[in-house]
Amino acid sequence: MNTKTKGYAWLLVALLWVVAFLNYFDRILITSMRDPIVADFDLTDAQFGLLTSVFLWSYGFVSPFGGFLADKYSRKKVIVLSVAIWSLVTLWTGYASSFPEMLATRLLMGVSEACYIPAALALITDYHSGKTRSLATGLHMCGLYTGLALGGLGGFIAEYWGWRSGFHVFGLFGIIYSFVLIYFLKDVKKEEEEPKRISQPITEVSSSYSIREVLSSLFRLASFYIILIYFAILGMANWLVNGWLPTFLKDQFNLDLGTAGISATGYIQIGSFVGVIVGGIIADRWVQKNPKGRLNVMIIGFCVGAPFLFIMASTNLFLLAIVAMIVFGLARGFNDANLMPMLRQVVDQRYIATAYGFLNFLSTIVGGLMVYIGGALKDANVNLSITYKIIAVVLLLVSLTLSLVKIKQRS
Numbered sequence: 017m018n019t020k021t022k023g024y025a026w027l028l029v030a031l032l033w034v035v036a037f038l039n040y041f042d043r044i045l046i047t048s049m050r051d052p053i054v055a056d057f058d059l060t061d062a063q064f065g066l067l068t069s070v071f072l073w074s075y076g077f078v079s080p081f082g083g084f085l086a087d088k089y090s091r092k093k094v095i096v097l098s099v100a101i102w103s104l105v106t107l108w109t110g111y112a113s114s115f116p117e118m119l120a121t122r123l124l125m126g127v128s129e130a131c132y133i134p135a136a137l138a139l140i141t142d143y144h145s146g147k148t149r150s151l152a153t154g155l156h157m158c159g160l161y162t163g164l165a166l167g168g169l170g171g172f173i174a175e176y177w178g179w180r181s182g183f184h185v186f187g188l189f190g191i192i193y194s195f196v197l198i199y200f201l202k203d204v205k206k207e208e209e210e211p212k213r214i215s216q217p218i219t220e221v222s223s224s225y226s227i228r229e230v231l232s233s234l235f236r237l238a239s240f241y242i243i244l245i246y247f248a249i250l251g252m253a254n255w256l257v258n259g260w261l262p263t264f265l266k267d268q269f270n271l272d273l274g275t276a277g278i279s280a281t282g283y284i285q286i287g288s289f290v291g292v293i294v295g296g297i298i299a300d301r302w303v304q305k306n307p308k309g310r311l312n313v314m315i316i317g318f319c320v321g322a323p324f325l326f327i328m329a330s331t332n333l334f335l336l337a338i339v340a341m342i343v344f345g346l347a348r349g350f351n352d353a354n355l356m357p358m359l360r361q362v363v364d365q366r367y368i369a370t371a372y373g374f375l376n377f378l379s380t381i382v383g384g385l386m387v388y389i390g391g392a393l394k395d396a397n398v399n400l401s402i403t404y405k406i407i408a409v410v411l412l413l414v415s416l417t418l419s420l421v422k423i424k425q426r427s
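Residue numbers (the working numbering): 17 to 427.
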């Protein structure tokens with residue numbers, strides 16, 4: 017890779033950082049605006065949880081298809097179209113006048129956003145080799161964390177300007193930014209992609225590139241099933257935290273809406289910012305000596321982070337809960353910096369976006385189910401702290417199990 021290409025590789029991370037921010041900011045706004053939205057549409061907790069669940073289910077079902085389009089045609093086109101459509105839907109959300117219409121906007125947002133992450137991570141890891149791959153992925157994920165963190169400002173936006181205004185402003189910004197991406201984004205030419213981990217050289221995609229071919233390649237790998245299960249459990253934990261943590265903190269520590277919203281997103285993201293950078297640097301160096309370096313960083317992260325999620329759900333001391341959220345965020349950062357780079361060590365590079373799409377599929381389907389179950393249990397007077405404790409134990413057990421199984425990597 018020449019100097020000019022290296023420079024563009026980091027410019028690409030910066031460009032997509034902004035998109036990653038919008039991706040999570042737009043989707044998470046609704047969770048920190050719970051009270052005014054519930055009051056406006058007279059919703060139960062289960063119905064409010066369903067707004068996130070519908071998003072996740074549509075997001076999950078479309079993710080493999082979005083990844084397939086990115087692999088077969090163009091990462092750039094998929095990214096630009098995804099940003100433009102979800103920004104239009106975000107703008108529409110601010111004008112929704114009924115609960116069914118809100119459900120429709122969340123469903124369409126899930127469909128449009130599903131295409132982004134597989135294509136974006138594939139494009140970044142197309143440009144970045146093993147020596148910078150985890151760090152580049154981690155820096156991009158910082159955009160997601162910033163979106164999550166500032167999404168907590170939704171509570172303050174709702175209090176001072178009304179819950180609809182945030183959707184109007186950021187929807188319009190995303191529409192404008194999609195035109196910036198048309199000019200700056202560039203797909204990697206097929207001959208420039210790294211061939212060394214592929215059993216056959218990368219060539220121009222032919223008409224034989226089919227869904228059957230992709231499924232056959234991915235689902236004959238036992239290691240891919242292991243990664244799918246791990247990511248599904250992780251999705252259950254992450255979306256239960258994303259969907260209900262503002263409400264949990266508000267109830268558990270008697271916080272006002274704005275403080276609960278920014279606390280639920282802010283502290284975890286502080287840990288995650290550190291985690292993706294530190295975890296990315298460690299993994300990029302470790303993998304030069306040990307092919308399992310990226311996997312080891314992920315396992316270490318959640319063997320530490322899961323117990324702190326349990327502590328957060330158990331304590332009545334807000335300061336201790338803050339520490340626990342930061343450590344859990346650190347663990348999530350270790351994972352996010354390394355999942356896509358590790359996946360590229362396992363599956364055929366031609367199908368990498370599709371593979372990540374399947375991870376998103378299973379993760380968000382079960383994650384959406386957990387968000388709905390959390391709301392339904394809350395309606396049945398089961399405290400969210402109990403739900404968080406259970407998922408923390410499950411996450412720890414899965415992380416420990418992952419350290420014992422063998423994940424076969426491509427030679």
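In this text, a Cβ means the ideal position worked out from N, Cα and C, and glycines have one as well. Model, not experiment: these values are computed from the prediction.
Cβ neighbours of residue i in the same chain (closer than 6 Å, five flanking residues each side left out)
{"i": "A337", "result": "M328, T331"}
{"i": "A408", "result": "A322, L325, F326"}
{"i": "L119", "result": "V70"}
{"i": "K93", "result": "none"}
{"i": "W260", "result": "G390, L400"}
{"i": "L265", "result": "L271, A276, S279, A280"}
{"i": "M157", "result": "V292, D352"}
{"i": "F419", "result": "Per the sequence presented here, residue 419 reads as Ser, with Phe not at that position. For S419, where only same-chain residues beyond five positions count, the Cβ hits under 6 Å are I315."}
{"i": "D51", "result": "L273"}
{"i": "L31", "result": "F200"}
{"i": "C319", "result": "S415"}
7 Å Cβ cutoff met for residue i and residue j
{"i": "D61", "j": "D267", "result": "no"}
{"i": "M49", "j": "A174", "result": "yes"}
{"i": "F310", "j": "D203", "result": "Phe is not the amino acid found at residue 310; the sequence shown has Arg there. Not closer than 7 Å, so no."}
{"i": "T141", "j": "M386", "result": "no"}
{"i": "A138", "j": "A392", "result": "no"}
{"i": "S74", "j": "V127", "result": "yes"}
{"i": "F71", "j": "M125", "result": "yes"}
{"i": "A371", "j": "L234", "result": "yes"}
{"i": "W179", "j": "I44", "result": "no"}
{"i": "A134", "j": "G82", "result": "The question names Ala, but residue 134 in the sequence shown is Pro. The answer is yes: Cβ separation under 7 Å."}
{"i": "L151", "j": "D352", "result": "no"}
{"i": "G65", "j": "Y404", "result": "no"}
{"i": "T263", "j": "F183", "result": "no"}
{"i": "F344", "j": "G167", "result": "no"}
{"i": "A112", "j": "T106", "result": "no"}
{"i": "I242", "j": "I423", "result": "yes"}
{"i": "G159", "j": "G251", "result": "no"}
{"i": "A136", "j": "I95", "result": "yes"}
{"i": "G154", "j": "G296", "result": "yes"}
{"i": "F334", "j": "F269", "result": "yes"}
Coarse secondary structure for residue i, derived from DSSP in three states
{"i": "C131", "result": "coil"}
{"i": "A396", "result": "coil"}
{"i": "S113", "result": "coil"}
{"i": "P217", "result": "Here P217 scores only 35 on pLDDT, less than 50, and its place in the model is too uncertain to base an answer on."}
{"i": "V402", "result": "It should be noted that the sequence gives Ile, not Val, for residue 402. Helix."}
{"i": "N351", "result": "helix"}
{"i": "R236", "result": "coil"}
{"i": "K305", "result": "helix"}
{"i": "G178", "result": "coil"}
{"i": "N270", "result": "coil"}
{"i": "T121", "result": "helix"}
{"i": "D58", "result": "coil"}
{"i": "V204", "result": "coil"}
{"i": "M314", "result": "helix"}
{"i": "P211", "result": "Reliability of the predicted coordinates at P211 is poor, the pLDDT of 46 falling under 50, and no value is obtained from them."}
Alpha-carbon spacing of residue i relative to residue j, whole angstroms
{"i": "I286", "j": "L123", "result": "30 Å"}
{"i": "F247", "j": "A165", "result": "22 Å"}
{"i": "L97", "j": "A347", "result": "32 Å"}
{"i": "I293", "j": "I278", "result": "22 Å"}
{"i": "P217", "j": "L197", "result": "Residue confidence is low: P217 scores 35 on pLDDT, short of 50, so the model does not pin down where it sits. No coordinate-derived value is stated."}
{"i": "R366", "j": "R149", "result": "17 Å"}
{"i": "A130", "j": "F374", "result": "11 Å"}
{"i": "F186", "j": "K305", "result": "44 Å"}
{"i": "L231", "j": "Y176", "result": "50 Å"}
{"i": "A25", "j": "H144", "result": "7 Å"}
{"i": "F195", "j": "L188", "result": "12 Å"}
{"i": "P211", "j": "V290", "result": "Low per-residue confidence applies at P211: pLDDT is 46, beneath 50, and the placement is therefore not dependable, though the value from the model is reported in the following sentence. Cα to Cα, P211 sits roughly 32 Å from V290."}
Contact set for residue i: own chain, Cβ-Cβ below 7 Å, skip 5 residues either direction
{"i": "V414", "result": "Y246, I249"}
{"i": "F377", "result": "G76, F77, S79, P80"}
{"i": "I402", "result": "none"}
{"i": "Q425", "result": "P307, Q361, V362"}
Residues near residue i by beta carbon distance below 8 Å, same chain, minus five either side
{"i": "S223", "result": "Here the model assigns S223 a pLDDT of 45, short of 50, so the residue's position is not dependable and the matter cannot be decided."}
{"i": "A438", "result": "Residue 438 lies beyond the range of the chain shown here (17 to 427); nothing can be said about it."}
{"i": "K147", "result": "D300, Q304"}
{"i": "S114", "result": "F57"}
Closer than 7 Å to chain C by CB, residue i
{"i": "W108", "result": "Within the model displayed, chain C is absent; a lone protein chain is all it includes."}
Quiz item: Taking three-plus beta-carbon pairs below 8 Å as touching, is the region 33 to 49 in contact with the region 353 to 362?
Solution: Between the region 33 to 49 and the region 353 to 362, the count of C-beta pairs closer than 8 Å stays below three; the two stretches do not touch.
Practice problem: Report yes or no: do the region 253 to 271 and the region 299 to 317 share at least 3 C-beta pairs separated by less than 8 Å? | Solution: Short answer: they don't touch.
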